[in-house]
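Residue numbers (this note's numbering), protein chains in the order written: chain P, 2 to 289; chain A, 2 to 277.
Let me begin by presenting the structure, written as structure tokens, before commenting on it.
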């Protein structure tokens, strides 16, 4: 039973974290909301007064908006599909008995620890460069014309780079989940004559459902925010301008802070909707 | 009969898994190999694999020409500093929520998690303005503070899940024996909490080291860490594969090694304890 004194001490210990995080969240957030209702051009006159919802309407009606939504969805959807499907397969593979399991796991996980600017730059130059990249060598070896990946097939290229970075994360979480699966259950099913496929569909997959949901939610939140991969490779050209990148360009490159802030508010609302789902799952886990 | 079948299966598994593992690791291996080649060998067609004159020249040139050690130092200070500052705040907070929970503990934890979900780009300009106002732009202290904030929720969460696993009976026993709050923390909790604290530090150093939104947007020449240094290679005059590889290898090597130690903690930290 906690004493009254220790309860007061506990509150004092919690206070700095809460107060600081509250400030970190509220101050910039309030500023963004205020800017979003203003015509605010730091390089061309500064604060030009209130404009109501004009920025919100203009952001959505600008010709760049829908393509940005589309490329965001394509990147997030594409990467999620690739990482979850391959992640499940890899997790099952890594869970099998084999020699050198630890080393294989290390090899598979490694890309997650590579900083985004390095992986983007290595892929862009050493693999996807149309003259000196390894893919170009490979294409020429088979007598094909090398492709300039990041301009002609920009979207698949970005999806490939980002999937490579996030596959380890999905694999690792799904592997952890698979390892908690009761192997007796699988053996019993095998004895009863269940085929590998039906064992996978009726036992493994349902067991992984929660882990898959968590992977999808967490990755979505991070994938919506990817920045360095685009900054280093295409700078948003060739149809790879995501919402995040579009807002970045409005705010810092064209210095239209009002418009960019309205976009920022949209991004915050979108992220919060997703976060709500994630927190419901995590919260349930807390009660146990 | 059954045994032969399992051995055979094990051989197939091993071969297949190693193939996939090497394929996924290949870009990293290729970067490391290329860093030891000359620029001419680096772009040779057909590609040269292992048999070339290994050279350390690229590492020397990268260091001399771009002052690599300055960026490395910035990375170390920013990643280490933000983790250290964050832990100072997170340890007491996690401790208090794990051992003296109240009705609001769950709400506070979830709220902290929600601040992590805030998209950085949504608050880019306000942070930028605040940085200009307080002279923090392109300073290590500014970046340290920002990275401390973005990782603080993860630190609190991870520590909380570790502290939660320390059995409460031990604390009660210590109290019965007359231990005060100070003794309780010093002699009972600290030794049991150290593994969890170490894992939290490890994961947060990794996250801070690789962070590439704020480090790219809030630094220029002075405080730029390795993420920004590498990004500067994307300009055309930086297109030297061997040197790019040497710089990349140096930038990822320390974290790759740390990362391999932190596999398990990674799952717990990044899923907020939802998958263990």
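Backbone N, C-alpha and C define an ideal beta-carbon position, used for all residues, glycine too.
Keep in mind the model is a prediction, meaning the values are calculated, not measured.
Exercise. Could you tell me whether any Cβ in chain A is nearer than 8 Å to the Cβ of residue 245(P)?
Key: By this cut-off, residue 245(P) is an interface position.
Quiz item: Between the beta-carbon of residue 109(P) and the beta-carbon of residue 90(P), is there less than 8 Å?
Solution: no
Self-check item: Contact check, residue 177(P) vs residue 276(A), beta carbons under 8 Å
Solution: The Cβ atoms of residue 177(P) and residue 276(A) lie closer than 8 Å to each other.
Practice problem: Kindly indicate the opening and closing residues of the beta strand (DSSP E) around residue 49(P). | Solution: In this chain, the beta strand (DSSP E) harbouring residue 49(P) covers 47 to 51.
Practice problem: Could you tell me which of 20(P), 27(P) and 65(P) sits nearest to residue 249(P), measuring between CA atoms? | Solution: Of 20(P), 27(P) and 65(P), the residue nearest in Cα terms is 65(P).
Self-check item: Proximal residues of chain P, C-beta to C-beta of residue 168(A) below 9 Å
Solution: By Cβ distance, chain P contributes nothing, its closest Cβ being about 16 Å from residue 168(A), past 9 Å.
Quiz item: Roughly how far, in whole angstroms, is the beta-carbon of residue 248(A) from the beta-carbon of residue 63(A), given that I think they are within contact range, below 8 Å?
Solution: 5 Å
Quiz prompt | At least 3 beta-carbon pairs within less than 8 Å: the segment 185 to 203 of chain P vs the segment 238 to 246 of chain P | solution = The answer is no - the segment 238 to 246 of chain P does not touch the segment 185 to 203 of chain P, with fewer than three Cβ pairs under 8 Å.
Practice problem: Helix, strand or coil for residue 42(P), going by three-state DSSP, please let me know. | Solution: DSSP places residue 42(P) in strand when its eight states are reduced to three.
Quiz item: For residue 44(P), which residues in chain A fall below 9 Å Cβ to Cβ?
Solution: Neighbours of residue 44(P) on chain A: none; closest Cβ ~13 Å, over 9 Å.
Quiz item: Do you know offhand how far residue 95(A)'s Cα is from residue 106(A)'s?
Solution: 10 Å
Quiz item: Around the Cβ of residue 244(A), are there at least 16 other Cβ atoms within 10 angstroms (buried) or fewer (exposed)?
Solution: buried
Quiz item: Is there at least one Cβ from chain P nearer than 8 Å to residue 120(A)'s Cβ?
Solution: yes
Quiz item: For residue 3(A), which residues of its own chain have a beta-carbon under 6 Å away from its beta-carbon, when the five flanking residues on both sides are left out?
Solution: Residue confidence for residue 3(A) is low, a pLDDT of 48 falling below 50, so the modelled location carries little weight and cannot support an answer.
Quiz item: Is residue 246(A) buried or exposed, if buried means 16 or more other CB atoms sit within 10 Å of its CB?
Solution: buried
Quiz item: Taking buried to mean at least 16 other C-beta atoms within 10 Å of its own C-beta, is residue 194(P) buried or exposed?
Solution: exposed
Practice problem: Could you work out which residues of chain P lie near residue 48(A), taking near to mean beta carbons separated by less than 7 Å? | Solution: 135 and 138
Exercise. Give the C-beta separation of residue 173(P) and residue 268(A) to the nearest angstrom, bearing in mind that I take them to be a contact with Cβ-Cβ under 8 Å.
Key: 6 Å
Quiz item: Which chain P residues are close to residue 98(A), counting only those with a beta carbon under 7 Å from its beta carbon?
Solution: 15
Quiz prompt | Proximity test, Cβ basis, 8 Å: residue 38(A) and chain P | solution = no
Practice problem: Kindly list the residues whose CB is nearer than 7 Å to the CB of residue 125(P), restricted to its own chain and excluding five residues on each side of it in sequence; keep chain order. | Solution: 151, 233 and 234
Quiz item: Under 8 Å between C-beta atoms, does residue 128(P) make it to chain A?
Solution: yes
Practice problem: Have a look at residue 201(P) and residue 21(A) and give me their C-alpha separation to the nearest angstrom. | Solution: 21 Å
Exercise. Check the Cβ of residue 222(P) against every Cβ in chain A and list those closer than 7 Å, keeping chain order.
Key: Simply 118.
Quiz prompt | Between the CA atoms of residue 150(A) and residue 101(A) - distance to the nearest angstrom | solution = 24 Å
Quiz item: Counting contacts by CB-CB distance shorter than 8 Å, is residue 50(P) in contact with chain A?
Solution: no
Quiz item: Beta-carbon of residue 200(A) versus every beta-carbon of chain P: anything under 8 Å?
Solution: no
Practice problem: Measuring only between beta-carbons, confirm whether residue 62(P) sits less than 8 Å from chain A. | Solution: no
Quiz item: Where does the unbroken alpha helix (DSSP H) through residue 105(P) begin, and where does it stop?
Solution: Run containing residue 105(P): 102 to 110, per the alpha helix (DSSP H) assignment.
Quiz prompt | Residue-level contact to chain P via CB, residue 14(A), 8 Å cutoff | solution = Taking 8 Å as the CB threshold, residue 14(A) lines the interface with chain P.
Quiz prompt | Rounded separation between residue 135(A) and residue 167(A) - CA only | solution = 42 Å
Quiz item: In the segment 85 to 118 of chain P, which residues sit with their C-beta less than 8 Å from some C-beta in chain B, listed in chain order?
Solution: Checking the listed chains, one finds no chain B in this structure; the protein chains it contains are P and A.
Quiz item: Count the other CB atoms within 10 Å of the CB of residue 14(P); is the residue buried (16 or more) or exposed (fewer)?
Solution: buried
Quiz item: Whose C-beta lies closer than 6 Å to the C-beta of residue 201(A) among residues of the same chain, with five residues either side of it excluded?
Solution: Hits under 6 Å: 156, 159 and 160.
Quiz item: Would residue 154(A) be called buried (16 or more neighbouring beta carbons within 10 Å of its own) or exposed?
Solution: buried
Quiz item: How big is the Cα-Cα spacing for residue 290(A) and residue 234(A)?
Solution: Coverage of chain A is limited to positions 2 through 277, which leaves residue 290(A) absent and any answer about it impossible.
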